[in-house]
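Q:
Number of protein chains: 4
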Amino acid sequence: MTDERVAERRTQILSAALDVFAEKGYHSTKISDIAEKLNMGHGTFYRYFKNKLDIFSSVIDEIIIGIKEALGDEDPERSNTIEEYQEQIQRIGDRLFDFFMKDNRLGQVIFYENLRIDPELHKKTNNAIEQINEFTKQYLINGVKKKFLNQHIDTTILAKAINSMIFASIKDFLESEKSEEICQRWTDTIALLQMKGIAASSK
Amino acid sequence: MTDERVAERRTQILSAALDVFAEKGYHSTKISDIAEKLNMGHGTFYRYFKNKLDIFSSVIDEIIIGIKEALGDEDPERSNTIEEYQEQIQRIGDRLFDFFMKDNRLGQVIFYENLRIDPELHKKTNNAIEQINEFTKQYLINGVKKKFLNQHIDTTILAKAINSMIFASIKDFLESEKSEEICQRWTDTIALLQMKGIAASSK
Amino acid sequence: MTDERVAERRTQILSAALDVFAEKGYHSTKISDIAEKLNMGHGTFYRYFKNKLDIFSSVIDEIIIGIKEALGDEDPERSNTIEEYQEQIQRIGDRLFDFFMKDNRLGQVIFYENLRIDPELHKKTNNAIEQINEFTKQYLINGVKKKFLNQHIDTTILAKAINSMIFASIKDFLESEKSEEICQRWTDTIALLQMKGIAASSK
Amino acid sequence: MTDERVAERRTQILSAALDVFAEKGYHSTKISDIAEKLNMGHGTFYRYFKNKLDIFSSVIDEIIIGIKEALGDEDPERSNTIEEYQEQIQRIGDRLFDFFMKDNRLGQVIFYENLRIDPELHKKTNNAIEQINEFTKQYLINGVKKKFLNQHIDTTILAKAINSMIFASIKDFLESEKSEEICQRWTDTIALLQMKGIAASSK
DNA sequence: AATGAATGAGACTTCATTCAT
DNA sequence: TATGAATGAAGTCTCATTCAT
Numbered sequence: 025m026t027d028e029r030v031a032e033r034r035t036q037i038l039s040a041a042l043d044v045f046a047e048k049g050y051h052s053t054k055i056s057d058i059a060e061k062l063n064m065g066h067g068t069f070y071r072y073f074k075n076k077l078d079i080f081s082s083v084i085d086e087i088i089i090g091i092k093e094a095l096g097d098e099d100p101e102r103s104n105t106i107e108e109y110q111e112q113i114q115r116i117g118d119r120l121f122d123f124f125m126k127d128n129r130l131g132q133v134i135f136y137e138n139l140r141i142d143p144e145l146h147k148k149t150n151n152a153i154e155q156i157n158e159f160t161k162q163y164l165i166n167g168v169k170k171k172f173l174n175q176h177i178d179t180t181i182l183a184k185a186i187n188s189m190i191f192a193s194i195k196d197f198l199e200s201e202k203s204e205e206i207c208q209r210w211t212d213t214i215a216l217l218q219m220k221g222i223a224a225s226s227k
Numbered sequence: 025m026t027d028e029r030v031a032e033r034r035t036q037i038l039s040a041a042l043d044v045f046a047e048k049g050y051h052s053t054k055i056s057d058i059a060e061k062l063n064m065g066h067g068t069f070y071r072y073f074k075n076k077l078d079i080f081s082s083v084i085d086e087i088i089i090g091i092k093e094a095l096g097d098e099d100p101e102r103s104n105t106i107e108e109y110q111e112q113i114q115r116i117g118d119r120l121f122d123f124f125m126k127d128n129r130l131g132q133v134i135f136y137e138n139l140r141i142d143p144e145l146h147k148k149t150n151n152a153i154e155q156i157n158e159f160t161k162q163y164l165i166n167g168v169k170k171k172f173l174n175q176h177i178d179t180t181i182l183a184k185a186i187n188s189m190i191f192a193s194i195k196d197f198l199e200s201e202k203s204e205e206i207c208q209r210w211t212d213t214i215a216l217l218q219m220k221g222i223a224a225s226s227k
Numbered sequence: 025m026t027d028e029r030v031a032e033r034r035t036q037i038l039s040a041a042l043d044v045f046a047e048k049g050y051h052s053t054k055i056s057d058i059a060e061k062l063n064m065g066h067g068t069f070y071r072y073f074k075n076k077l078d079i080f081s082s083v084i085d086e087i088i089i090g091i092k093e094a095l096g097d098e099d100p101e102r103s104n105t106i107e108e109y110q111e112q113i114q115r116i117g118d119r120l121f122d123f124f125m126k127d128n129r130l131g132q133v134i135f136y137e138n139l140r141i142d143p144e145l146h147k148k149t150n151n152a153i154e155q156i157n158e159f160t161k162q163y164l165i166n167g168v169k170k171k172f173l174n175q176h177i178d179t180t181i182l183a184k185a186i187n188s189m190i191f192a193s194i195k196d197f198l199e200s201e202k203s204e205e206i207c208q209r210w211t212d213t214i215a216l217l218q219m220k221g222i223a224a225s226s227k
Numbered sequence: 025m026t027d028e029r030v031a032e033r034r035t036q037i038l039s040a041a042l043d044v045f046a047e048k049g050y051h052s053t054k055i056s057d058i059a060e061k062l063n064m065g066h067g068t069f070y071r072y073f074k075n076k077l078d079i080f081s082s083v084i085d086e087i088i089i090g091i092k093e094a095l096g097d098e099d100p101e102r103s104n105t106i107e108e109y110q111e112q113i114q115r116i117g118d119r120l121f122d123f124f125m126k127d128n129r130l131g132q133v134i135f136y137e138n139l140r141i142d143p144e145l146h147k148k149t150n151n152a153i154e155q156i157n158e159f160t161k162q163y164l165i166n167g168v169k170k171k172f173l174n175q176h177i178d179t180t181i182l183a184k185a186i187n188s189m190i191f192a193s194i195k196d197f198l199e200s201e202k203s204e205e206i207c208q209r210w211t212d213t214i215a216l217l218q219m220k221g222i223a224a225s226s227k
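Residue numbers (the numbering used here), protein chains in the order written: chain R, 25 to 227; chain H, 25 to 227; chain L, 25 to 227; chain G, 25 to 227.
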């Protein structure tokens, strides 16, 4: 079998697995569920993946790669004013949003299923999240340096705080009727919080 | 056996179960692990709980009750100024913090283990989170009504956003070295975001 | 369960396993075959043995212990004349014979099944056989020392040669109709070979 | 494909199979192991052999044929004196030795692997061994008839006894460092036993 | 003729749950 | 009431064999 055909088959299986993991979770997913979805003998699965953990790990890998691509080519140092920062931060949020929106299953798996299954995997996922936090932190540091952000912010914590809201927005979106409107309301709310806070004087 | 004795035994088992679920997760927890922890025959377990799901469900119930108690007796309508709001919001954060801090296992179970095991359970947990969101929303509505909060905030989304940060802070805390300092930095950051945002002018 | 009851159950399973291993060989033996023989759920098996290799190893252990007991309390230095030597050597042969005769299955398993399954096991069995050879060698050395055996014999090889005949006799016996007569004929033949050889002059 | 080409291919496969069976034993040998050894697709295997048992059976057949060839053209009636007998018996031993020595794998398979796999096979191998015993027996009968062997020997049992020593010598040789010396020591010991026995008077 | 992808029977092992003591 | 021995359903994984290319 050509490498290409193998890769294609792996991709098919990976996608079917993503389906089932997203629907049932890791432990309730049987290898035969995945195989059935492809009208494939379950023995065939083992030609392409070592075992159940192997494919789950691969699924997570794919998602992490996707997330990184989604964030990829932004330069944290590019923005010079609070307006530019806001634009940029929103662009990043939008991209993450788009990434998870284009495939419902991704969020299901990464937010609910990735922990407690294998320590190695746990580490890997935590690592990815830390990278995202680090990425966000660079934006904040840039803003502080260029003086358009408050000099007293705790960039480490704030990065986590902002990302937690972004992730919450994604989850919320996935669990809602997935309207464009929800998306906009979250974007606005996160922006408002950052720009002015929510006190009345912050008109 | 008196009802009282039964209740006492159930409580013991529940606590042991919380231990093991927190350490190993639902699927890797064996009934015999729980029984062993109490030097109890694992057949005995079934005199107090219907089955494995039953006890897990009960564990989640206990946690949810605890959370509600933690939030319980605050009156969302009490604060009249932004300062009072800030105090109140911080008090709530502190309580949630305290609740999860006093017992590490709670966060482990509720954040990592409660979903994907049983749809009924999923619904119950989601419900609890929605109630917390609703609770927070009432504070925001009160603030808008009394004019000390920005009239244009999206109270539904903002409630979720704020809670997502609080939960993130708890997770972060649980995974960190659990220093008092981390706790304070999160509190300050969340307060700052709400009070002034993070733009430079927001000094 | 008392240790005694556990030991008893283990013995039962061990005996059933010996049956099946002797009949089908290691690889063709299913755990469920062993369980079935005892009208026992196959899950029960795993309460008493770690896995298939564990029980097979235990079976071999038992046999080796039995062999050693069969040889046990003879003193290689006791005989002082060729007649005593002959008596002694025959006694040993008889005992090994008796051991394997009393339970058909023992020879089946130890002669046909113990190799190639696990390196550790192979080593163990080889060891046991080497010990028997060593044991026999001591008799020969004693005979040489006391001058009732030919001074030029190769005690190491001869010990192996004699034992190979004893084992062959056992196999032959097991595969035959198991008559007392066969037994006697082997004994006589081995004795004759040792005492005088088979040349005509050796009347 | 010409019959010749087919036969050649079968021979190749047979040799590769002998390799793997000798190294891993029947049950641990995968058809794909054999195919791999020949850089051949494992599906191709089935064009030349019906199934796994078929090839193992063929391997055994080949070995048995080889053994018979090794023994083949001696005439049991040829020797007339004890010296000729000794020479002849030694020649047979040497040939068997040579046969197994020229290819390590043969002994591995025939001594350790041929039983318990298939009753048909078991019978076949037993048959071959019986023939060797019968063959040896003819030598003994000849010796008795011509009076250079003891008139009272039990030719049936003695044939088995002698062969058991020869087989033991081969096994020992295969498991040792395969020195010429071991070979000689076994030959001498077996000869000594037959010629004079090992009693001191038998100098 | 050769290939190797696909198949699924079959064996191991775990553990929630039952039930006799 | 408590126990833990027994059970067997269920899921993972392997590999001989088939068959479309």
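Glycine included, every Cβ here is placed at the ideal spot set by N, Cα and C.
Going by beta carbon distance, what residues of the same chain come within less than 8 Å of Q112(G), once the five residues before and after it are set aside?
A: Contacts found: E98, R102, S103 and Y163.
Q: Mind checking the region 201-225 of chain H against chain R and listing, in chain order, the residues whose C-beta falls within less than 9 Å of any C-beta there?
A: Result list: I206, R209, W210, D212, T213, I214, L216, L217, Q218, M219, K220, G221, I222, A223, A224 and S225.
Q: Rounded to whole angstroms, what is the Cα-Cα separation between D78(L) and I91(L)?
A: Looking at the two C-alpha atoms, the distance is approximately 20 Å.
Q: Tell me which residues share the same chain as N187(H) and place their Cβ nearer than 7 Å to its Cβ, disregarding the 5 neighbours each side in the sequence.
A: Contacts found: I156, N157 and T160.
Q: Does the separation of the CB atoms of R140(L) and Y136(G) fall below 8 Å?
A: Their beta carbons are under 8 Å apart, which means R140(L) touches Y136(G) by this criterion.
Q: What does DSSP give as the partner residue(s) for A223(R) in the beta ladder?
A: Beta-bridge pairing links A223(R) to L173(H).
Q: Q175(H) to A223(R), Cα distance in whole Å?
A: Their backbone Cα atoms lie some 9 Å apart in a straight line.
Q: If contact means a Cβ-Cβ distance below 8 Å, which residues of the region 65-90 of chain R contact chain H?
A: Those would be none; no residue qualifies.
Q: Examine chain G for any beta-carbon lying closer than 8 Å to the beta-carbon of K227(L), and answer yes or no.
A: Because the pLDDT of K227(L) is 44, which lies under 50, any placement of that residue in the model is unreliable, and the number read from its coordinates should be weighed accordingly. It does; some Cβ of chain G falls within 8 Å.
Q: Quick check on the burial criterion: 16 or more other C-beta atoms within 10 angstroms. Buried or exposed for K227(H)?
A: Because the pLDDT at K227(H) is just 44, under 50, the model does not fix this residue reliably, and the value given afterwards should be weighed accordingly. K227(H) should be labelled exposed.
Q: Near Q114(H), what residues of its chain come up, given a Cβ to Cβ distance below 7 Å and the 5 sequence neighbours on each side ignored?
A: For Q114(H), where only same-chain residues beyond five positions count, the Cβ hits under 7 Å are T211 and A215.
Q: Considering only residues of the region 98-139 of chain R, which uninterrupted alpha helix (DSSP H) runs meet the minimum length of 4 residues and lie entirely inside it, listed in chain order?
A: Within the region 98-139 of chain R, the complete alpha helix (DSSP H) runs of at least 4 residues are 106-125 and 128-131.
Q: Do the CB positions of A94(H) and R119(H) come within less than 8 Å of each other?
A: Yes.
Q: How big is the Cα-Cα spacing for G67(L) and Q208(R)?
A: Their backbone Cα atoms lie some 57 Å apart in a straight line.
Q: Could you work out which residues of chain L lie near D43(G), taking near to mean beta carbons separated by less than 7 Å?
A: Under the 7 Å cutoff, chain L gives no residues; its nearest Cβ is about 15 Å from D43(G).
Q: Got a sec, what are the start and stop residues for the alpha helix (DSSP H) G90(H) sits in?
A: K76 to L95 is the extent of the alpha helix (DSSP H) around G90(H).
Q: Whose C-beta lies closer than 6 Å to the C-beta of G49(H) among residues of the same chain, with five residues either side of it excluded?
A: Cβ neighbours of G49(H) beyond the five flanking positions: E137.
Q: Tell me whether E158(L) sits in a helix, a strand or coil according to DSSP, three-state version.
A: Helix, per DSSP.
Q: Check each residue of the region 174-189 of chain R: if its Cβ is closer than 9 Å to any Cβ of chain H, include it; give the result in chain order.
A: Those would be N174, Q175, H176, I177, D178, T180, I181, L182, K184, A185, I186, N187, S188 and M189, in chain order.
Q: In chain order, what residues of the same chain have a beta carbon less than 8 Å from the beta carbon of S52(R), not counting five sequence neighbours either side?
A: Once the five neighbours on either side are set aside, S52(R) has no close Cβ partner at all.
Q: What would DSSP say about L182(H), mapped onto helix, strand or coil?
A: The answer is helix: DSSP assigns L182(H) an H, G or I state.
Q: Check the Cβ of E47(G) against every Cβ in chain L and list those closer than 9 Å, keeping chain order.
A: Within chain L, no residue comes near E47(G); the closest Cβ sits about 10 Å away, beyond 9 Å.
Q: For a quick check, are the C-beta atoms of F45(L) and T105(L) less than 8 Å apart?
A: It is not a contact, given that the beta carbons lie outside the stated cut-off.
Q: Please report whether the beta-carbon of K54(R) lies at a distance below 8 Å from any beta-carbon of chain H.
A: No, no contact with chain H.
Q: Terminal residues of the continuous alpha helix (DSSP H) containing Y72(R)?
A: Segment H66 to Y72, the alpha helix (DSSP H) holding Y72(R).
Q: Which chain R residues are close to D196(H), counting only those with a beta carbon under 7 Å from its beta carbon?
A: Those within 7 Å of D196(H) in chain R are K184.
Q: In terms of residues, what are the limits of the alpha helix (DSSP H) holding D142(R)?
A: Segment: none, D142(R) is in no alpha helix (DSSP H) and carries neither H nor E.
Q: Are the C-beta of E137(R) and some C-beta of chain H separated by less than 8 Å?
A: It does; some Cβ of chain H falls within 8 Å.
Q: Measure how close the beta-carbons of E42(L) and V133(L) come, nearest whole angstrom, since I'm counting them as under 8 Å.
A: Checking the sequence, you will find Leu at residue 42(L) rather than Glu. 6 Å between Cβ atoms; contact.
Q: Using three-state DSSP, classify M189(H) as helix, strand or coil.
A: In the structure shown, M189(H) sits in a helix (DSSP, three-state: H, G or I).
Q: Quick one: give me the first and last residue of the alpha helix (DSSP H) that K61(L) is part of.
A: Looking at the DSSP string, the run of the alpha helix (DSSP H) that includes K61(L) is I55 to K61.
Q: Looking only at its chain, what residues have a beta carbon closer than 8 Å to the beta carbon of F197(H), apart from the 5 residues adjacent to it on each side?
A: F121, F124, M125, I206, C207 and W210.
Q: Helix, strand or coil: how does DSSP classify T35(R) here?
A: Helix at T35(R).
Q: Give a yes or no on whether the C-beta atoms belonging to P100(L) and N166(L) are separated by under 8 Å.
A: In this structure, N166(L) lies closer than 8 Å to P100(L) by Cβ.
Q: Just the C-alpha distance for V168(R) and E47(H), rounded to the nearest angstrom, thanks.
A: Approximately 40 Å, taken between the alpha carbons.
Q: Name, please, each residue of chain G whose Cβ falls closer than 7 Å to the Cβ of K61(L).
A: In chain order: nothing, as chain G lies at least about 18 Å away.
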